[in-house]
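Everything on this sheet refers to the single structure shown next.
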Amino acid sequence: MSRDVDSPGGALKRAAPGFADIDWSMPWFAQVATRGVRWQQAALRSAADQLHEMNADAASAAVTTGRGKQLSFIPQDELPTGTAYEAHIAASGCVPTRHNLHDFFNALMWFQFPRVKAALSARGSAAVDVLGIGPTRGGTRDALTLFDENAVLFACADESLAAALHSFDWKTLFVDQRAAWGERCEVRCFGHALLEKLVTPYKACTAHAWIVDVPSAYFSWPRASRDAFLDETVARALLDTSGFSARMFAPLPVLGIPGWWRENEAPSFYDDVSVFRNGRRSRGTPDVKIPASKAGQAVAASAVSAGEGEESPDSTGQGDG
1 MSRDVDSPGG ALKRAAPGFA DIDWSMPWFA QVATRGVRWQ QAALRSAADQ
51 LHEMNADAAS AAVTTGRGKQ LSFIPQDELP TGTAYEAHIA ASGCVPTRHN
101 LHDFFNALMW FQFPRVKAAL SARGSAAVDV LGIGPTRGGT RDALTLFDEN
151 AVLFACADES LAAALHSFDW KTLFVDQRAA WGERCEVRCF GHALLEKLVT
201 PYKACTAHAW IVDVPSAYFS WPRASRDAFL DETVARALLD TSGFSARMFA
251 PLPVLGIPGW WRENEAPSFY DDVSVFRNGR RSRGTPDVKI PASKAGQAVA
301 ASAVSAGEGE ESPDSTGQGD G
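Read left to right, the sequence shown gives residues 1 to 321 (full-length UniProt numbering).
Dropping the structure here:
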């Protein structure tokens, strides 16, 4: 008989696959570890306990959704038939939630970046209001889903580093300017499908990076202040940006981030062109010229051709869930 069955808690692990596999010491989970550990223990007990823990936090934090409704979490089967996921959240404040890692990380992001989640909810529900529910979601909803599922926030105070990301110049970004990480740039995970994939990380795991222009002083702020700045700045950009589309991201292989994976300490780690692709530069396209920075504004990455180092987010069958 397996160890999971014989050992204490083995039955719980079988009942909630994946939850026991989260390694909270990994850097991509650090931002949500305090709340996440508590929720994890509840999820290992039961789906009902998980929802209870989430709703207790929602009540005490007074988080609101895109149309000002108090956030809460409900079982997935309470989503009315024929109702769009985004529209239901906007109208009721209730987020349909399954007992799995995908929705677990989605809920955590409502507390980590509540304004960004609310902005995505507002724009998604507005798109449903205009287009309705049909076989075609439309470019805006597709881009919002991409952000929600697979985005990272690339906070940057150095235009040359943003330019390196735009132009697939991995050697500059990850090797030559390695000391800049934590001093002039850093990354926060946002996409909940991305976080789910990082429970079992693999070298080719690639995020869609949204570049956020930050002041130099940002890197001296406490983490909570930095996250609050990102939350407000990105939410404002998501609500104000016209022509929002999936072509407004830059691919970023997340295990290449300095300090995030032990193997990347060797420069040869980045020689794997199946992961660290040449992208636009291989086609002779000029590098993107980054506009002059303005502290507090989000800068969307330039157009990224399909398949150039990108990885589509997981398909969930749940709209923007």
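We put the beta carbon where it would ideally sit given N, CA and C, even for glycine.
When we look at the beta-carbon of residue i and count the other beta-carbons within 10 Å, is it buried (16 or more) or exposed?
| i | result |
| --- | --- |
| Thr81 | exposed |
| Ala58 | buried |
| Ala298 | Only weak support is given to the placement of Ala298: the predicted model assigns it a pLDDT of 31, under 50, and the value that follows is read from those uncertain coordinates. Buried: at least 16 other Cβ atoms inside 10 Å. |
| residue 333 | Nothing about residue 333 can be read from this structure; the chain reaches only from 1 to 321. |
| Gln70 | exposed |
| Val273 | exposed |
| Pro222 | exposed |
| Trp24 | exposed |
| Gly259 | exposed |
| Val304 | Low per-residue confidence applies at Val304: pLDDT is 33, beneath 50, and the placement is therefore not dependable enough to give any value. |
| Ser125 | buried |
| Arg141 | buried |
| Ser216 | exposed |
| Ala292 | The predicted model places Ala292 with a pLDDT of 30, which falls under 50 and marks its position as unreliable; any figure quoted below should be read in that light. Exposed, by the Cβ-count rule. |
| Ala300 | The pLDDT assigned to Ala300 is 31, lower than 50, so where the model puts this residue is not dependable, and the model offers no usable value. |
| Asp231 | buried |
| Phe19 | buried |
Which residue marks the beginning of the beta strand (DSSP E) containing residue i, and which one marks its end?
| i | result |
| --- | --- |
| Thr97 | 94-97 |
| Leu257 | In the sequence on display, residue 257 carries Ile and not Leu. No beta strand (DSSP E) holds Ile257; DSSP gives it neither H nor E. |
| Pro75 | 72-75 |
How far does the alpha helix (DSSP H) with residue i in it reach, from first residue to last?
| i | result |
| --- | --- |
| Ala107 | 101-112 |
| Phe229 | 223-240 |
| Leu44 | 33-45 |
State the CB to CB distance for the pair residue i and residue j, rounded to an integer number of angstroms; the pair is presumed to be in contact (CB under 8 Å).
| i | j | result |
| --- | --- | --- |
| Leu252 | Val152 | 6 Å |
| Arg184 | Phe219 | 7 Å |
| His166 | Ala250 | 6 Å |
| Asn150 | His208 | 5 Å |
| Met109 | His192 | 6 Å |
Inset, instruction - Would you check if there are 3 or more beta carbon pairs closer than 8 Å linking the region 201-212 to the region 87-97? - result: no
Inset, instruction - Mind listing, in chain order, the continuous alpha helix (DSSP H) runs of no fewer than 4 residues lying wholly within the region 148-206? - result: 159-166, 192-197
Inset, instruction - Evaluate the contact criterion for the region 217-236 versus the region 115-126: three or more CB pairs, one atom per stretch, below 8 Å. - result: yes
Inset, instruction - Could you tell me whether the region 90-109 touches the region 50-67, where touching means 3 or more Cβ pairs closer than 8 Å? - result: yes
Inset, instruction - Inspect the CB distances between the region 186-203 and the region 93-113 and report whether three or more fall short of 8 Å. - result: yes
Legend entry - Any 3 or more C-beta pairs closer than 8 Å across the region 266-278 and the region 31-44: no
Legend entry - Segment contact flag, the region 144-164 with the region 173-187, C-beta cutoff 8 Å, min 3 pairs: yes
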